[in-house]
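A.B. asks: For any residue, its number in the numbering used here is found by taking its place in the sequence shown, counting from 1, and adding 7. Quick reminder that beta carbons are idealized off the backbone N, C-alpha and C, glycines included.
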Amino acid sequence: MYQIGDKVKAVREVQERLNRIWQDRREHHEQLYDLHIFLRDAQQLRNTCSSQEVTL
Numbered sequence: 008m009y010q011i012g013d014k015v016k017a018v019r020e021v022q023e024r025l026n027r028i029w030q031d032r033r034e035h036h037e038q039l040y041d042l043h044i045f046l047r048d049a050q051q052l053r054n055t056c057s058s059q060e061v062t063l
């Protein structure tokens with residue numbers, strides 16, 4: 008019976024570790040997505056400014 012409790016504890020610890028890893032990866036991907044959106048918007052702004060310079 009004691010061994011079952013140890014195994015349950017070990018499984019819970021692994022689950023907590025996996026949850027932390029998953030959360031870290033999720034945050035990393037969200038940051039990458041935000042960076043991608045920022046770079047896209049910056050490129051669009053650069054293109055708009057360049058086209059307005061030509062018309063001036």
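Under 6 Å Cβ to Cβ from residue 47, same chain only, skipping five residues before and after it: list those, please.
C.D. replies: If we look at residue 47 and ignore the five residues flanking it on each side, it has no Cβ neighbours.
A.B. asks: Just list the alpha helix (DSSP H) runs in the region 21-45, keeping only unbroken ones of 4 residues or longer that don't cross its boundaries, in chain order.
C.D. replies: If we require 4 residues or more, the region 21-45 turns out to have no alpha helix (DSSP H) run fully inside it.
A.B. asks: Quick check: the Cα distance between residue 16 and residue 55, rounded to an integer number of angstroms?
C.D. replies: Their backbone Cα atoms lie some 58 Å apart in a straight line.
A.B. asks: Alpha carbon to alpha carbon, how far is residue 49 from residue 42? Give it in angstroms, no decimals.
C.D. replies: Taking the straight line from one Cα to the other gives about 10 Å.
A.B. asks: Rounding to the nearest angstrom, what Cα-Cα distance links residue 57 and residue 38 in this structure?
C.D. replies: C-alpha separation (whole angstroms): 28 Å.
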